[in-house]
Amino acid sequence: MTAYSRTPCRVSRIWLVVFVVCFFALFCSAKDTISQDQSIRDGESSSGNLVSAGDIFELGFFSPVNSTSRFVGIWYRNLLEITVVWVANRENAIPDRNGVLTLQSDGNLVILDGSNNSIWTSNSNMSSVVSKNLTAKLSDDGNLALSNGESGAVPYWESFNDPTDTYLPGMKVEVSAAKGENRVFNSWKSIYDPSPGNFTMGVDPRGSPQIVIWEGSNRRWRSGHWDWQIFLGVPNMTANFLYGFRLSNLDQGKQFFTYDTTGGKIKLRFRVEWNGFEKQYRLGEGDKVWELLQSQPAETNECELYNKCGKFGVCSSWESVKCRCMKGYVPTDLEEWNKGNWSGGCSRKTSLKCQNSINGTEGDGKEDGFTAERWVKLPDFADLAQIVPPTSAKCEDECLKNCSCIAYSFVDGIGCLVWKETLLDVQHFQRGGATLNIRLAHSDLGGGSSRKSTTLIIVLTIVGAAILVFIWLVWRFRYKLKILPTSSSMPWTRSSEIPPSSGVAKSKEYSTEHSGAVDVLTECPDGSGPELPLFSFNFVAISTNNFSEENKLGQGGFGHVYKGKLPGGHEIAVKRLSRKSGQGVEEFKNEIILIAKLQHRNLVRLLGCCIQGEEKMLLYEYMPNKSLDFFLFDSEKQALLNWDTRFNIIEGIARGLLYLHRDSRLRIIHRDLKASNILLDEEMIPKISDFGMARIFGGNQNEANTNRVVGTYGYMSPEYAMEGLFSVKSDVYSFGVLLLEIVSGRRNVSYRNTEYLSLIGYAWHLWNERRAMELLDPSIADTCSRNHEVLRCIQVGVLCVQDSPLHRPTMSSVLLMLESENANLPLPRQPTFTSMRGSTVDSDFCSDGPEYASLNELTVTMVDGR
1 MTAYSRTPCR
11 VSRIWLVVFV
21 VCFFALFCSA
31 KDTISQDQSI
41 RDGESSSGNL
51 VSAGDIFELG
61 FFSPVNSTSR
71 FVGIWYRNLL
81 EITVVWVANR
91 ENAIPDRNGV
101 LTLQSDGNLV
111 ILDGSNNSIW
121 TSNSNMSSVV
131 SKNLTAKLSD
141 DGNLALSNGE
151 SGAVPYWESF
161 NDPTDTYLPG
171 MKVEVSAAKG
181 ENRVFNSWKS
191 IYDPSPGNFT
201 MGVDPRGSPQ
211 IVIWEGSNRR
221 WRSGHWDWQI
231 FLGVPNMTAN
241 FLYGFRLSNL
251 DQGKQFFTYD
261 TTGGKIKLRF
271 RVEWNGFEKQ
281 YRLGEGDKVW
291 ELLQSQPAET
301 NECELYNKCG
311 KFGVCSSWES
321 VKCRCMKGYV
331 PTDLEEWNKG
341 NWSGGCSRKT
351 SLKCQNSING
361 TEGDGKEDGF
371 TAERWVKLPD
381 FADLAQIVPP
391 TSAKCEDECL
401 KNCSCIAYSF
411 VDGIGCLVWK
421 ETLLDVQHFQ
431 RGGATLNIRL
441 AHSDLGGGSS
451 RKSTTLIIVL
461 TIVGAAILVF
471 IWLVWRFRYK
481 LKILPTSSSM
491 PWTRSSEIPP
501 SSGVAKSKEY
511 STEHSGAVDV
521 LTECPDGSGP
531 ELPLFSFNFV
541 AISTNNFSEE
551 NKLGQGGFGH
561 VYKGKLPGGH
571 EIAVKRLSRK
581 SGQGVEEFKN
591 EIILIAKLQH
601 RNLVRLLGCC
611 IQGEEKMLLY
621 EYMPNKSLDF
631 FLFDSEKQAL
641 LNWDTRFNII
651 EGIARGLLYL
661 HRDSRLRIIH
671 RDLKASNILL
681 DEEMIPKISD
691 FGMARIFGGN
701 QNEANTNRVV
711 GTYGYMSPEY
721 AMEGLFSVKS
731 DVYSFGVLLL
741 EIVSGRRNVS
751 YRNTEYLSLI
761 GYAWHLWNER
771 RAMELLDPSI
781 ADTCSRNHEV
791 LRCIQVGVLC
801 VQDSPLHRPT
811 MSSVLLMLES
821 ENANLPLPRQ
831 PTFTSMRGST
841 VDSDFCSDGP
851 EYASLNELTV
861 TMVDGR
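For the sequence shown, the residue numbers in full-length UniProt numbering are 1 to 866.
Structure representation (structure tokens):
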């Protein structure tokens with residue numbers, strides 16, 4: 001009985017606990033939401049305010065510092081100083097604490113004053129919407145959204161679409177050429193007054209989108225053009241500033257700028273201040289005070305102010321005199337210019353030829369040309385020229401065809417920008433920016449004919465002197481030239497180590513049967529005589545033990561590679577082209593001409609060559625660790641390449657490619673970058689090899705076309721495989737494939753018969769599913785502690801294999817992204833042409849294929865989209 005009698009009490013207590021828990025759970029779940037006919041009243045406890053679920057943002061009534069006026073706003077919670085990010089009634093302050101925020105039955109949020117007058121409303125169009133069960137919810141991103149409460153429902157109104165002075169991650173800013181300038185954000189009137197101020201910030205979509213700050217109707221600052229990775233007028237953007245921006249197609253084909261923060265532990269906000277400066281702030285996890293990251297325009301840099309040097313002027317912040325005129329232009333008012341008043345800008349010295357024709361005036365009759373202004377923020381008010389295919393040469397032609405075109409710039413990621421009016425707001429950077437090509441009259445390009453004549457005389461004098469010196473050296477060393485190699489041409493040999501030949505005593509290290517191992521070869525393959533030793537067939541045969549099997553290092557479609565040893569003990573690698581190889585004299589000559597002129601620690605060193613009858617051979621420095629594929633695709637050797645080694649190999653290949661594309665005397669496109677063409681020295685330093693397919697580009701050339709598509713299946717970019725178009729971006733694509741192979745330890749073609757079609761497709765699938773770490777080679781996954789570095793490499797790889805060359809980064813950007821620890825990378829686009837269909841490609845063309853290449857010299861016979 002005693003136990004039984006206690007049961008009702010226990011049950012009562014349990015129900016009481018359940019009731020209390022449910023009550024508080026209901027209360028907590030409702031504190032971020034206001035329903036119809038509910039209100040938030042000023043003057044009552046702040047517990048009635050809305051608080052986002054993660055306790056990040058709060059909505060309620062507030063007064064600015066030194067003010068008694070009341071406003072409804074959203075601010076960050078739990079900070080030492082209130083940080084307001086949105087204000088509703090900024091144009092109609094409430095003088096007392098009698099205000100009310102309510103969600104009325106018609107579906108609108110309304111603010112009422114003490115006399116029950118409406119002073120602000122959300123103005124959502126609810127005429128066609130059943131207005132029952134509507135709620136307004138404050139989210140952890142700072143957005144107040146009015147909807148029917150259903151999950152995934154599109155809001156009828158949201159504060160993100162009606163912002164004040166602050167941009168928060170998650171906001172969408174529309175970019176529309178039809179809509180024009182979109183002035184989204186409006187500063188406070190003063191530091192204590194949230195009413196609309198004199199400064200606005202938004203997007204100008206003309207040409208390529210820019211962020212702009214306006215003071216009234218005039219521009220105060222602009223970011224420069226967006227190239228799908230950075231804003232070109234913000235040279236330090238590759239570090240911490242603005243690195244999360246994306247231009248995306250989100251709603252019905254409309255374009256929006258969005259900003260993405262990874263992880264969410266760091267909070268960021270952008271605000272156009274009351275004094276016209278746009279500032280970026282960061283708040284780390286657990287921090288109570290905001291850290292200022294950037295200010296635009298920079299308060300200490302006058303050149304950031306819009307058009308500081310006037311039209312056709314260039315501003316350089318680090319120079320003693322900040323403003324100068326562009327080449328071919330002079331100050332409009334020289335007296336004012338010399339006083340430091342540059343607002344009048346500059347004027348053209350000599351009229352263009354086409355303008356003379358229109359005006360009926362005489363000129364020198366010579367064609368206009370262009371001068372390059374490098375590392376600049378491109379001028380404002382550009383137009384995007386639609387040219388196909390987009391190349392720098394076509395962009396120049398497009399500008400020359402139009403007399404009103406006064407400048408152009410071809411920018412990766414944007415295309416062809418042209419200017420048809422004045423050139424405004426040009427700033428010169430010490431690094432970054434882009435190249436502006438300014439149209440000038442012929443007489444303003446080179447300084448006149450007398451200067452050209454003087455230059456020609458100097459050049460001819462130097463060339464003549466060089467020829468005389470060369471003739472004297474040939475005569476002076478005519479006897480030594482009969483024997484190759486010599487100590488003068490091969491620094492690693494001694495004269496006593498040279499095999500005996502005509503006119504030279506025999507070496508002690510050689511018997512008489514070796515006499516004549518080095519013959520006299522007087523011409524290079526192309527007759528131009530590159531600075532490269534020429535060896536006879538007998539000499540090479542002796543060094544490789546008559547091309548014995550034990551000396552064979554490997555083989556490919558070109559033929560075999562043998563290990564050799566020179567008389568002094570120096571080890572070499574001999575590439576002997578097969579007589580049946582698809583590679584002939586053209587590729588052989590090409591490799592000699594190119595690589596003999598290149599010097600870089602990440603390019604293989606060519607030591608000499610041999611042409612005798614049908615024999616064609618190249619002598620390289622010996623790489624004891626063979627090629628990258630020897631380790632990378634062997635299940636027993638993969639683990640020898642730990643992550644540190646793989647990352648160093650990736651960086652080394654990137655540096656070698658950057659040298660070829662930008663820093664060498666010749667601008668070279670490799671066209672056959674793959675794992676088997678990456679050699680590894682004794683320290684596992686990578687060396688790019690095999691330049692038989694490479695091509696030289698001119699200084700201003702960006703793209704070329706070929707009817708002879710050569711390369712390796714799995715590494716060729718879509719535009720090259722399908723159209724024969726190749727550029728530096730073709731090598732970037734191959735590098736991206738190679739990078740993904742290094743990370744995964746799998747060949748690109750190994751996924752050919754899977755649903756992903758290629759390693760590229762598989763990498764994109766894992767990236768899109770946020771499972772990118774699964775791509776890492778399992779043999780090193782347990783020992784790799786630098787996941788952030790792996791993820792960065794994977795993202796760079798996926799960026800490099802995007803379908804459009806314009807969307808791929810340059811190798812300079814790739815190297816910067818690889819080596820910058822704190823850089824957030826742009827998001828890649830999904831690759832479509834992830835692979836060629838296995839049924840349409842001869843398997844013989846894989847990189848580990850047979851000895852002989854195709855006689856038709858084509859690697860791919862047909863390409864199918866995914």
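Quick reminder that beta carbons are idealized off the backbone N, C-alpha and C, glycines included. Here the structure is a predicted model, which is why all the values come from computation and not from measurement.
**Message:** If you follow the alpha helix (DSSP H) that His428 is in, where does it begin and where does it stop?
**Reply:** Run containing His428: none in the alpha helix (DSSP H); it sits in the beta strand (DSSP E), 426-428.
**Request:** Under 6 Å Cβ to Cβ from Arg324, same chain only, skipping five residues before and after it: list those, please.
**Result:** Val314
**Message:** Please report the distance separating the alpha-carbon of Ser195 from that of Glu91.
**Reply:** Approximately 5 Å between the Cα atoms of the pair.
**Option in Ala382, Cys395, Asp287, Ile387 with minimal Cα separation from Ile56** = Asp287
**Message:** Could you compute how far the alpha carbon of Lys377 sits from the alpha carbon of Val411?
**Reply:** 12 Å
**Message:** Would Leu144 and Ala136 qualify as a contact pair, given that the criterion is a beta-carbon distance under 8 Å?
**Reply:** yes
**Rounded separation between Ile653 and Asn307 - CA only** = 42 Å
**Message:** I need the straight-line Cα distance from Ser159 to Asp204, nearest angstrom please.
**Reply:** 22 Å
**Prompt:** Of the choices Lys279, Glu769, Asp672, whose alpha-carbon is the least far from that of Gly726?
**Reply:** The question names Gly, yet the displayed sequence has Phe at residue 726. With distances taken between Cα atoms, Phe726 lies closest to Asp672.
**Asked** Is the Cβ-Cβ distance between Asp227 and Ile414 less than 8 Å?
**Response** yes
**Prompt:** Between which two residues does the alpha helix (DSSP H) harbouring Cys800 extend?
**Reply:** 787-800
**Request:** Could you tell me if residue 873 is buried or exposed, where buried requires 16 or more neighbouring beta carbons within 10 angstroms of its beta carbon?
**Result:** This structure leaves residue 873 out entirely; the chain is present only between 1 and 866.
**Prompt:** How long is the line joining the alpha carbons of Asn435 and Ala372, rounded to whole angstroms?
**Reply:** It should be noted that the sequence gives Thr, not Asn, for residue 435. C-alpha separation (whole angstroms): 6 Å.
**Item:** Local conformation of Thr261 per DSSP, three classes
**Value:** Coil.
**Request:** Could you say if the segment 609-624 and the segment 566-580 meet the contact criterion of at least three C-beta pairs nearer than 8 Å?
**Result:** With the rule of 3 Cβ pairs closer than 8 Å, the segment 609-624 counts as touching the segment 566-580.
**Request:** Following the continuous beta strand (DSSP E) through Pro686, name the residue where it begins and the one where it ends.
**Result:** 686-688
**Request:** In angstroms with no decimal places, state the Cα-to-Cα distance between Ser820 and Gln294.
**Result:** 18 Å
**Request:** State buried or exposed for Gly699, treating a residue as buried only when at least 16 other CB atoms are found within 10 Å of its CB.
**Result:** At Gly699, the pLDDT of 48 sits below 50, so the modelled position is not reliable; the number obtained from the coordinates is stated separately. Looking at its Cβ environment, which holds fewer than 16 other Cβ atoms inside 10 Å, Gly699 is exposed.
**Asked** Going by alpha carbons, who is nearest to Ser115 out of Pro169, Arg97, Asn108, Trp75?
**Response** Arg97
**Collapsed DSSP secondary structure at Pro778 in the structure displayed** = helix
**Contact set for Cys405: own chain, Cβ-Cβ below 6 Å, skip 5 residues either direction** = Cys399, Val418, Lys420
**Prompt:** What did DSSP end up calling Ser676 once you bin it into helix, strand or coil?
**Reply:** helix
**Beta-carbon proximity of Cys793 to Tyr733, cut-off 8 Å** = Contact flag unset, no.
**Prompt:** What's the call for Phe470, buried or exposed, on a 16-neighbour Cβ count within 10 Å?
**Reply:** exposed
**Request:** Hey, could you find the ends of the alpha helix (DSSP H) Phe539 is sitting in?
**Result:** 537-543
**Request:** Assign Ile760 to one of three DSSP states: helix, strand, or coil.
**Result:** helix
**Prompt:** How big is the Cα-Cα spacing for Ser744 and Thr261?
**Reply:** A direct Cα-Cα distance of roughly 27 Å separates Ser744 from Thr261.
**Asked** What is the rounded straight-line gap between the Cα of Trp157 and the Cα of Pro163?
**Response** 12 Å
**Asked** Which residues in the same chain have their Cβ closer than 7 Å to the Cβ of Ser223, if we skip the five residues on either side of it in sequence?
**Response** Gln210, Ile211, Phe231, Gly233, Val234
**Message:** Does Ser47 pass the burial test, meaning 16 or more other C-beta atoms within 10 Å, or should it be called exposed?
**Reply:** exposed
**Prompt:** Does the segment 597-604 touch the segment 638-645, meaning 3 or more C-beta pairs lie closer than 8 Å?
**Reply:** By the Cβ criterion, the segment 638-645 is not in contact with the segment 597-604, since fewer than three pairs of Cβ atoms, one from each stretch, lie closer than 8 Å.
**Short CB-CB distance (under 8 Å) between Glu789 and chain C** = Considering every chain present, this structure includes no chain C. It has just one protein chain.
**Request:** Take the Cβ of Trp86 as the centre, count every other Cβ of all protein chains shown within 10 Å, and call the residue buried at 16 or more, exposed below.
**Result:** buried
**Request:** Report the option in Leu134, Thr102, Asp383, Ala93 whose CA atom is closest to the CA atom of Asn49.
**Result:** Thr102
**Limits of the unbroken alpha helix (DSSP H) element including Met817** = 811-819
**Message:** Comparing C-alpha positions only, which one of Ser804, Leu759, Met684, Arg746 sits nearest to Pro778?
**Reply:** Arg746
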